[in-house]
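Some notes on the structure that comes next.
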Amino acid sequence: MPVRTIDVRERVMAKNDELAAGVRARLREAGVPTFNLVSSPGSGKTLLLERTLADLGEELDIAIITGDVQTQNDADRLARHTDRLVQAVVTNGACHLDARQVTTALDAIDLDATDLLFIENVGNLVCPASWDLGEDAKIVLFSVTEGEDKPAKYPKMFREARVCVFTKMDLLAYVPFSVVRATAIALEVNPELQFLFTSGVRGDGMDEWYGFLRSQLQPAYTP
Ligand SMILES: Nc1nc2c(ncn2[C@@H]2O[C@H](COP(=O)(O)OP(=O)(O)OP(=O)(O)O)[C@@H](O)[C@H]2O)c(=O)[nH]1
Ligand SMILES: [Mg+2]
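This is the structure:
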């Protein structure tokens, strides 16, 4: 019998890219900078966002879409720091968000009343790297407890990201982790990568993080 191979993955990815282009067009039109936060599980995406909402929530209208495989725990945590609707996408087992989910979530966001949009992706360093959500940039979080070699082991994620936010800098004294080595490995994978060094617990690097976010706002924004 002859064999017919159907490349479902290619078709699915092509459809995703089409939807992501639509998302990007809507966000650009509305002038809303959008960042897709990606990392291993537990690197500190939600804590960074909780702190950002608490510190910048008065100054900026921040919208959030957060993806989780099974719970809405992160959305509940984030909702404590904002009056805005936090969009929880439960992927039911899928290891990443896709552009269709973001398209649906955007329908419930008043983009004219939004200065900044964060998407917290499902925690892992593999699948989210391949899925365009229509964001301006992926931001990869890299905790000092993860081991310096992660960019070499998961190069696509670090190649796709524009910014690498080191997290848990407060734990640096307790783990064998060289920031110099880790940044060198990351730069081998992506020479354009920018770095920030933070602790969501102690507050290190938050001013630099907020400075980066403010630098991304559209010119129409005035504090
Ligand atoms: N010491 C320390 N702990 C942190 C820091 N950031 C996050 N944590 C802790 O690490 C754990 C995981 O943080 P989360 O913010 O839930 O991580 P996440 O990346 O959102 O996790 P997933 O959504 O499951 O992928 C929590 O117990 C946080 O309190 C940090 O900068 N320093
Ligand atoms: Mg989280």
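Residue numbers (the numbering used here): 72 to 294. For each residue, glycine too, the CB sits at the ideal point set by N, CA and C.
Nearest neighbour of R273, chosen from R122, L168 and L108 [CA to CA]: Ranked by how close their Cα comes to the Cα of R273, the residues R122, L168 and L108 have R122 in first place.
In DSSP terms, what N107 is bridged to: The partner list for N107 (beta bridge, DSSP) reads I190 and K209.
What's the C-alpha gap between C235 and P73? Rounded to whole angstroms, C235 to P73 spans 48 Å at the Cα level.
Quick one: Cα of D78 to Cα of A96, how far? If I take the Cα positions, the gap works out to 28 Å.
Starting from I136, trace the beta strand (DSSP E) in both directions and tell me its first and last residue. From DSSP, the beta strand (DSSP E) with I136 extends over I133 to D139.
Using DSSP with H/G/I as helix, E/B as strand and the rest coil, what is R233? It is a strand residue.
Buried or exposed: where does S201 fall if 16 or more other Cβ atoms within 10 Å of its Cβ makes it buried? Exposed, by the Cβ-count rule.
Check whether the stretch 124 to 132 and the stretch 174 to 191 touch, using three or more Cβ-Cβ pairs below 8 Å as the test. The stretch 124 to 132 makes contact with the stretch 174 to 191: 3 or more CB pairs, one atom from each, lie closer than 8 Å.
Taking 7 Å as the limit between beta carbons, can you name the residues of its chain near D320, skipping five residues before and five after? Outside the shown range of the chain, which is 72 to 294, sits residue 320, and nothing can be said about it.
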